[in-house]
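In this note's numbering, the protein residues as written are 23 to 253.
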């Protein structure tokens, strides 16, 4: 493990904090969106699906700029939240979490949606005949069966949020100790003389964390699948 400076450790820990918060906040919305797309037919379904995937195909700077004009202090949403609840996103770590959550949302929704679509509906019907209402069928049958997809989507979301750069630096800038994530710190070090060594240390850390997240996703998803099949 590279010997990091206190400033570099701050960037690493802040990145982990932002990625974790982004994933936890996005997860219930991701499950709801995935279930809606997998189980319901309604006007505008294709449009909703497109809007969810849009952050993956848009330049990240575009997403960051849209967040800035919407959630900034002078934006319609940001101004309302600031005046009525004292919540500020722009140039704060919470704004970085918001940007990361939006950018990673498509990677969260897709595996969960596929898991919902793969569930045998007869199992849910059997629970219904035993007296379970819609809520308890979802909690006790549907969610456990979709757990491999939920695990995979959550960790992919975390890994994507950990490495997000374009949207965050546009929306919350690059403030050391507040919004400077691993990606922003690497960018900063590449712009200063003799910063290559520090940038390389953070690159190594980023690779290690990302690989650990992907391996954890594979292991946990396999364990969940084996439990579902009673192995």
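Here a beta-carbon is modelled for each residue, glycine too, at the ideal position from N, C-alpha and C. Nothing here was measured: the structure is a model prediction, and the numbers come from that model.
Return the Cβ separation of residue i and residue j in integer angstroms, given the expectation that the two are a contact with Cβ distance under 8 Å.
| i | j | result |
| --- | --- | --- |
| residue 95 | residue 112 | 6 Å |
| residue 190 | residue 86 | 7 Å |
| residue 260 | residue 208 | One cannot answer for residue 260 here, as it falls past the ends of the chain, which runs 23 to 253. |
If you measure between the beta carbons of residue i and residue j, is that distance less than 7 Å?
| i | j | result |
| --- | --- | --- |
| residue 133 | residue 175 | yes |
| residue 192 | residue 79 | no |
| residue 59 | residue 71 | yes |
| residue 194 | residue 117 | yes |
| residue 204 | residue 224 | yes |
| residue 261 | residue 180 | As shown, the chain starts at 23 and ends at 253. That puts residue 261 outside it, with no answer to give. |
| residue 74 | residue 131 | yes |
| residue 107 | residue 99 | no |
| residue 182 | residue 228 | no |
| residue 235 | residue 123 | no |
| residue 246 | residue 138 | no |
| residue 163 | residue 146 | yes |
Indicate the three-state DSSP secondary structure (helix, strand or coil) for residue i in the structure shown.
| i | result |
| --- | --- |
| residue 141 | coil |
| residue 239 | helix |
| residue 213 | coil |
| residue 192 | helix |
| residue 34 | helix |
| residue 62 | coil |
| residue 108 | coil |
| residue 102 | helix |
| residue 198 | coil |
| residue 187 | coil |
| residue 27 | coil |
| residue 113 | coil |
| residue 247 | helix |
Between the stretch 173–186 and the stretch 40–51, do three or more beta carbon pairs fall short of 8 Å? yes
Complete alpha helix (DSSP H) runs within the stretch 126–177 (minimum length 4 residues, chain order): 143–151 and 156–159
How about the stretch 149–156 and the stretch 209–216: do they share at least three Cβ pairs that are nearer than 8 Å? no
Give, in chain order, every unbroken run of the alpha helix (DSSP H) that is at least 4 residues long and sits entirely within the stretch 46–96. 67–79 and 82–93
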